[in-house]
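Here's the structure we're looking at; comments come further down.
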Amino acid sequence: MLVTMSAMLLTAAPVHVAAVPIALPGDAASVALPGAVLSPFSNDFSDAASMAVSPLALAASLPVIEIFAQGLPTQDIPPVGPAPVGTPPAQRTPNDIIVTGRKESAGDPLRAVNAESFAVTQKVDDAVIGPVARTYKNNVPSPIRRGIHNFLYNLREPIVFLNFLLQFKPGKAAETVGRFAINTTIGAAGVLDMAKRKPFHLPRRSNGFANTLGYYGVKNGPFLFLPLVGPTTIRDLFGGAIDRLILPVGVGKPFTSATYTIPAGILGALDHRSEFDQTLKDLHDNSPDPYAATRSFYLNRRQAEIDHLHGRVEGDPAGMSGPPPSVVPFVPSDLEPGAKPVSGTPEKTPVVETPAADAKPAAETGQ
Numbered sequence: 513m514l515v516t517m518s519a520m521l522l523t524a525a526p527v528h529v530a531a532v533p534i535a536l537p538g539d540a541a542s543v544a545l546p547g548a549v550l551s552p553f554s555n556d557f558s559d560a561a562s563m564a565v566s567p568l569a570l571a572a573s574l575p576v577i578e579i580f581a582q583g584l585p586t587q588d589i590p591p592v593g594p595a596p597v598g599t600p601p602a603q604r605t606p607n608d609i610i611v612t613g614r615k616e617s618a619g620d621p622l623r624a625v626n627a628e629s630f631a632v633t634q635k636v637d638d639a640v641i642g643p644v645a646r647t648y649k650n651n652v653p654s655p656i657r658r659g660i661h662n663f664l665y666n667l668r669e670p671i672v673f674l675n676f677l678l679q680f681k682p683g684k685a686a687e688t689v690g691r692f693a694i695n696t697t698i699g700a701a702g703v704l705d706m707a708k709r710k711p712f713h714l715p716r717r718s719n720g721f722a723n724t725l726g727y728y729g730v731k732n733g734p735f736l737f738l739p740l741v742g743p744t745t746i747r748d749l750f751g752g753a754i755d756r757l758i759l760p761v762g763v764g765k766p767f768t769s770a771t772y773t774i775p776a777g778i779l780g781a782l783d784h785r786s787e788f789d790q791t792l793k794d795l796h797d798n799s800p801d802p803y804a805a806t807r808s809f810y811l812n813r814r815q816a817e818i819d820h821l822h823g824r825v826e827g828d829p830a831g832m833s834g835p836p837p838s839v840v841p842f843v844p845s846d847l848e849p850g851a852k853p854v855s856g857t858p859e860k861t862p863v864v865e866t867p868a869a870d871a872k873p874a875a876e877t878g879q
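Using the working numbering, you'd call the opening residue of the sequence shown number 513 and step up by one each time.
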């Protein structure tokens, strides 16, 4: 019966219900009512006929239910939460929550600390180290400065020799021994670089334990900018410490005496700073992001030295370690060597030419 009523109310279609004969108690005849059904409670009442209910009568007794269609709201309902990433500003609502942040460059997880150390070092350099180094360069005659430079780097030849052996390059190791012997004898303890002249033609080659690690595939590790050390990496910091222990441990005095280490350290720092004065000016003063430019310059130059050991690049290996005559200010989008710039950001490449002077890697200022 409920199904019949639902169909009548919802569809308003006529429902044809067959007459069902109902046997009333105590009555021999059956009463036929159109569409009537027998109430299940008929036995409980004396007048069972009253329990026969017509569906039409039941439907007529129900209250009228009116359903009105409501129109859709015409006012825009603002979305809940922040607008999707990339939504144009014009489509954002006033209540949007916008979270912005700076994406750190790959390979530089310590950028915040490094940048702070770089800024402090720059202030000290501008106030003290830079002016002293320029005074040294302008007032000490060039032959004396060149002699000090040659003497200090001649003492590094045993370190270069050992690392060529570790890299299984016996030919380069033999040439390094020849350089050291020639400059130590006829070169007046290395003050004169006679080995690079005729008839020897033995150029100075830069090498060290950090290069050996890189040669065998050890990665740079996080980039660091340390006071008094300058730009470096975990690999280069460890390799440089090993290099500095070779002469004191293997030879002993005078390399363990303060009468040698203090003057050698001061003269070495002045020599480096004066040699790379123009390079540092290009990287620090003429660049929109001095820290990024310094980091990129260091990593690319160091990678060039290791690539040269593998024979991937050509040129004089001493050229990789000397100060370039010019560095175009540049800030690549990703500071790792060989990385591609972000779309829309031009990549500027440093101009690196082979210098005539023998020097330590340009980015190793302060080391």
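The beta carbon of each residue, even a glycine, is placed where N, CA and C say it ideally should be. No experiment lies behind these values; they were computed from the predicted model shown.
### Task
Can you tell me the Cβ-Cβ gap for residue 739 and residue 629, rounded? I've got them flagged as a contact below 8 Å.
6 Å
#### Entry: Simplified DSSP state of residue 702, which is helix, strand or coil
coil
#### Entry: At least 3 beta-carbon pairs within less than 8 Å: the segment 651-661 vs the segment 671-683
no
### Message
For residue 750 and residue 722, I'd like the C-alpha separation in whole angstroms.
### Response
7 Å
### residue 715 versus 688, 697, 698, 732, residue with shortest Cα-Cα distance
Checking every option, the nearest Cα to that of residue 715 belongs to 688.
### Query
Assuming residue 672 and residue 717 make a contact with CB atoms under 8 Å, what is their CB distance in whole Å?
About 6 Å separates the beta carbon of residue 672 from that of residue 717, a gap short enough to meet the 8 Å contact definition.
### Query
For the 8 Å Cβ check, are there 3 or more pairs between the segment 689-696 and the segment 639-647?
No: fewer than three Cβ pairs fall under 8 Å.
### Query
What is the rounded straight-line gap between the Cα of residue 627 and the Cα of residue 712?
45 Å
### Query
Do residue 785 and residue 743 have their C-beta atoms within less than 8 Å of each other?
Contact: no.
### Task
May I have the straight-line CA-CA distance separating residue 851 from residue 732, to the nearest angstrom?
Because the pLDDT at residue 851 is just 46, under 50, the model does not fix this residue reliably, and the value given afterwards should be weighed accordingly. Going by the C-alpha atoms only, they are around 15 Å apart.
### Task
Have a look at residue 636 and residue 793 and give me their C-alpha separation to the nearest angstrom.
15 Å
### Task
Could you round the C-beta distance between residue 702 and residue 663 to whole angstroms and report it? I think they count as a contact, below 8 Å.
5 Å
### Query
Is any beta-carbon of chain B found at less than 8 Å from that of residue 720?
The structure shown contains no chain B, having only a single protein chain.
### Task
Determine the direct distance from the alpha carbon of residue 754 to that of residue 825, and round the result to whole angstroms.
Residue 825 and residue 754: Cα-Cα distance of roughly 27 Å.
### DSSP state of residue 768 mapped onto helix, strand, coil
In the structure shown, residue 768 sits in coil (DSSP, three-state: anything other than H, G, I, E or B).
#### Entry: CB of residue 696 within 8 Å of CB of residue 719, strictly
Result no, Cβ atoms of residue 696 and residue 719 do not sit closer than 8 Å.
### Task
Measure the C-alpha to C-alpha separation of residue 760 and residue 771 and round it to an integer number of angstroms.
Going by the C-alpha atoms only, they are around 13 Å apart.
### Message
I'd like the list of long-range same chain contacts for residue 685, defined as Cβ closer than 6 Å, with 5 residues on each side in sequence excluded.
### Response
673, 676, 677
### Message
Buried or exposed for residue 797, going by 16 or more other Cβ atoms inside 10 Å?
### Response
Exposed, by the Cβ-count rule.
### Message
Is the beta carbon of residue 780 closer than 8 Å to that of residue 747?
### Response
no
#### Entry: 8 Å Cβ cutoff met for residue 802 and residue 795
yes
### Distance between beta carbons of residue 839 and residue 791, contact taken as under 8 Å
5 Å
### Query
Count the other CB atoms within 10 Å of the CB of residue 821; is the residue buried (16 or more) or exposed (fewer)?
buried
### Message
Let me make sure I understand the geometry here. Which of 816, 639, 783 has the alpha-carbon closest to that of residue 651?
### Response
783
#### Entry: Sequence-distant residues of the same chain with beta carbon closer than 6 Å to residue 758, five excluded per side
671
### Query
According to DSSP, is residue 735 helix, strand or coil?
Of the three classes helix, strand and coil, the one that applies to residue 735 here is strand, per DSSP.
### Message
Tell me which residue opens and which closes the alpha helix (DSSP H) that residue 682 is part of.
### Response
For residue 682, the enclosing alpha helix (DSSP H) stretches over residues 682-697.
### Query
In angstroms, rounded to a whole number, what distance separates the CA positions of residue 653 and residue 729?
Looking at the two C-alpha atoms, the distance is approximately 43 Å.
### Query
Exposed or buried, what is residue 694 when buried is set at 16 or more other beta-carbons lying within 10 Å of its beta-carbon?
buried
### Query
What is the DSSP secondary structure of residue 729, counted as helix, strand or coil?
coil
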